[in-house]
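Have a look at the structure below before the remarks.
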């Protein structure tokens with residue numbers, strides 16, 4: 072088989088990794104339709120669980136993810152996609168990576184380790 | 072909040088990344104108990120969905136994952152753990168990473184890109 076196995080699950084988790092830096096940017100999900108669109112367009116298209124529809128990453132912010140290479144795991148139920156993150160930020164909070172909070176054992180608050188690239192209020196304007 | 076939010080889901084996906092190389096090694100799941108054990112022991116403990124029990128990574132193969140740092144994402148429903156992968160291989164098929172197969176568009180078979188570190192037949196002997 073050459074690709075993920077959607078027969079086990081309608082939605083599979085997808086890890087987006089920055090090709091250049093190796094930073095893990097985010098985790099989201101794809102259904103088979105989102106996967107097919109991603110292959111066809113060369114831009115990452117997820118399936119939004121909260122909105123129950125295709126989520127063309129960057130459709131609002133412009134921060135699309137260009138596909139560089141795609142990998143699937145030993146169980147064929149998870150994808151790893153190396154991307155070129157346009158705009159430099161994957162996270163809707165304006166950080167380069169969604170994983171911008173590091174757990175600090177024994178502390179009440181996490182440490183913010185990520186770089187804030189944009190101000191969400193400027194990018195996602197009220198309509 | 073300082074950590075993942077298990078109130079939204081009993082199981083959350085966990086990305087294990089090699090701290091030294093930046094390679095994404097695998098994706099598995101934790102429930103709250105597995106997460107607590109991981110924090111306590113400093114070794115990654117997942118929850119196996121197929122076996123419905125705690126899965127102390129490396130319990131059979133010896134290839135444990137030492138926790139170096141832990142991050143959680145903007146929705147607090149995914150973890151990223153940077154690890155030191157003992158034995159050099161995370162995948163039960165003997166590869167360094169579970170993502171050892173690269174999709175090759177238009178080809179019937181994927182390209183094997185990973186490095187095989189051990190022979191599974193030697194490590195997981197029949198009991």
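Protein chains in written order, with our numbering: chain A, 72 to 198; chain B, 72 to 198.
Glycine residues also receive a C-beta, built at the ideal position from the N, C-alpha and C atoms.
Computed from a predicted structure; not experimentally measured.
Local conformation of residue 23(B) per DSSP, three classes | As displayed, chain B neither begins before 72 nor continues past 198, which places residue 23(B) out of reach and without an answer.
Taking 8 Å as the CB-CB limit, is residue 143(A) close to chain B?
-> Counted from its first residue, the first chain places residue 143(A) at position 72. Yes, residue 143(A) counts as interfacial toward chain B.
Using beta-carbon positions only, say whether residue 256(A) and residue 80(A) come within less than 8 Å of one another.
-> This structure cannot speak to residue 256(A), because chain A is shown only from 72 to 198.
Is there at least one Cβ from chain A nearer than 8 Å to residue 191(B)'s Cβ?
-> In the second chain, counting from the first residue as 1, residue 191(B) sits at position 120. Chain A, which has no Cβ nearer than 8 Å to the Cβ of residue 191(B), makes this no.
For residue 172(A) and chain B, any beta-carbon pair shorter than 8 Å?
-> Indexing the first chain from 1 puts residue 172(A) at position 101. Output row for residue 172(A): interface = yes.
Own chain residues within Cβ distance below 8 Å of residue 166(B), not counting five before or after | Position 95 of the second chain holds residue 166(B). Excluding sequence neighbours, residue 166(B) sits near 160, 185, 186, 187, 188.
What residues match up with residue 193(A) in a beta bridge as DSSP calls it?
-> Walking along the first chain from the start, residue 193(A) turns up at place 122. According to DSSP, residue 193(A) bridges with nothing at all.
If residue 87(A) sits next to residue 136(A), beta carbons under 8 Å apart, how far is it from one beta carbon to the other, in whole angstroms?
-> As a position in the first chain, residue 87(A) is number 16, starting the count at 1. As a position in the first chain, residue 136(A) is number 65, starting the count at 1. Yes, residue 87(A) and residue 136(A) are in contact; Cβ-Cβ is about 6 Å, under 8 Å.
Alpha helix (DSSP H) runs wholly inside the segment 84-142 of chain A, at least 4 long, in chain order = 103-112
Which residues, in order along the segment 149-164 of chain B, keep a beta-carbon less than 9 Å from a beta-carbon of chain A?
-> 149, 150, 151, 162, 163, 164
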